[in-house]
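Quick note on the working numbering: the sequence shown kicks off at -17 and runs consecutively. Glycine included, every Cβ here is placed at the ideal spot set by N, Cα and C. One structure is given below, encoded as structure tokens.
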Amino acid sequence: MPQWDFLNFLSTHARKFSSFDLRMEREAVGLLGDGGRIVGVEVQTPDGPAEIRADLVVGCDGRHSVIRKAAQLELIEFGVPIDVLWFHISRRGNDPEQLLGNFNYGRALVLINRDKYFQAGLLIRKGSFEEMKAAGLDAFRKTLLRIAPYLGDRVDELKDWDQIKLLSVQLNRLRQWYRPGLLCIGDAAHAMSPAGGVGINLAIQDAVATANLLSDALRERRVTEDLLAQVQRRREFPTRVTQRIQATVHKMFDRLFRNPGPAKPPWQLKVAVRIPGVQRLLARAVGSGVRPEHIRDASVGTIEKVA
Ligand SMILES: Cc1cc2nc3c(=O)[nH]c(=O)nc-3n(C[C@H](O)[C@H](O)[C@H](O)COP(=O)(O)OP(=O)(O)OC[C@H]3O[C@@H](n4cnc5c(N)ncnc54)[C@H](O)[C@@H]3O)c2cc1C
């Protein structure tokens, strides 16, 4: 499910709760503090600045989080050797469903099926985008064709660098995910790389764990620092393990970048994917993650009733 459909799905269901309130076009720009406790956020709205007060602020504003910066939480950075170039290429009826791994000639291209088009992601060496731009669009199109010749004349759809966005990849983690009145989750607490396509899963699992551990306390207005620490304790282990796996995958990409010739998948991989059930098992392991989370709160029943 594309991320925007998922967000609409969530907000449509959440609206069935009378107390749910979604305010769009509010950009968090800072935190409100009172005697060492966070008590809300400063936001920029189309009508000017405003303040939103809350018993708990949850910073879930992604890998460039303004909230974690404003909270001055200590960030541990792990170097990443890749960035991603993000662009569209049209899809044809006879194209395969998903083309997740095109590894060749020192490059990797991922094509995600969005029905009429592919969302394409070209993995490049970190910091090499300017070099590629200097070499020109024609060279860029040729690079794509070398990795994925079946794209044919569709690479000519890329006529301007404006069609190609640079997404900077990060891998990092906060030492402490909370302060009194504030909790960071998802990429704001631990930026994930695209490796394995699991960052969204982890962000959602963090949210589910947060709901399970805090919803009673929030209802009774008694969220303590100890409860916020419990969220970090529960979610830090799966984050650490997943980030370690991602760092290993980055090393493999780094080796790929150093080999400009045709790539050959290791024979062990070729054998492994042919074993019946292996692909299914792998997909399940990636989907569920290191520590799956399930909503435990009684209010889930309420969603069913309201729906
Ligand atoms: C190039 C790239 C490709 C990736 N591909 C995949 C993939 O295929 N599958 C996968 O699972 N993971 C992927 N990841 C990782 C994944 O994107 C993240 O781990 C995941 O999106 C984290 O979810 P999140 O909700 O914490 O943050 P985000 O998805 O980044 O959401 C943060 C939200 O906060 C909003 N926001 C930001 N700043 C503010 C502000 N100041 N005020 C108000 N709102 C704000 C943003 O608009 C956004 O809606 C990829 C990462 C990269 C860099």
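Next item on the list: Evaluate contact between the stretch 58 to 73 and the stretch 100 to 112, counting only Cβ atoms and requiring at least three cross-stretch pairs below 8 angstroms.
Entry: yes
Item checked: Sequence-distant residues of its chain with Cβ nearer than 7 angstroms to D43 (five each side left out) -> A10, I49 and A170
Notebook entry, point to check: Leaving out the 5 sequence neighbours to the left and right, which residues in its chain are closer than 6 angstroms to D188 when beta-carbon positions are compared?
Noted result: I167, G168 and R217
Next item on the list: Could you work out which residue in E59, D65, I64 and N95 is closest to N76 when comparing CA atoms only?
Entry: N95
Note to self: If contact is defined by three or more beta carbon pairs under 8 angstroms, each pair taking one atom from either stretch, is the stretch 59 to 66 in contact with the stretch 106 to 113?
What the structure shows: yes
Item checked: beta strand (DSSP E) segment containing F100, residue limits -> Y99 to R107
Margin query: Just to confirm my understanding: we take P28, look at its own chain, exclude 5 residues before and 5 after, and list those with CB closer than 8 angstroms. What are they?
Written below: E7
Checklist line | Identified DSSP bridge partners for I58 | finding: R155
Item checked: Sub-8 angstroms separation of I213 and L200 beta-carbons -> According to the sequence shown, residue 213 is Val rather than Ile. No, these two residues do not count as a Cβ contact at 8 angstroms.
Item checked: Straight-line gap, R161 to V92 (C-alpha atoms, nearest Å) -> 38 angstroms
Next item on the list: Please say whether A185 and I277 have beta carbons closer to each other than 8 angstroms?
Entry: no
Next item on the list: Could you check what DSSP says for D290 in three-state terms: helix, strand or coil?
Entry: A question about residue 290 goes unanswered here, because the residues of the chain that appear run from -17 up to 289.
Item checked: Span of the beta strand (DSSP E) around I94 -> R89 to R96
Notebook entry, point to check: Is it the case that the CB of N183 approaches a heavy atom of ligand 1 more closely than 7 angstroms?
Noted result: yes
Checklist line | Distance cut-off 7 angstroms: V190 Cβ against heavy atoms of ligand 1 | finding: no
Checklist line | Within 8 angstroms, strictly: CB atoms of Q152 and A173 | finding: yes
Next item on the list: Measuring alpha carbon to alpha carbon, tell me which of L148, L38 and A116 ends up nearest G22.
Entry: L38
Note to self: Ignoring anything shorter than 4 residues, give me the alpha helix (DSSP H) runs that lie fully in the stretch 202 to 239, in order along the chain.
What the structure shows: 207 to 239
Notebook entry, point to check: Taking the Cβ atom as the reference point for each residue, do R35 and L57 lie within a distance shorter than 8 angstroms?
Noted result: no
Checklist line | According to DSSP, residues forming a beta bridge with L149 | finding: V66
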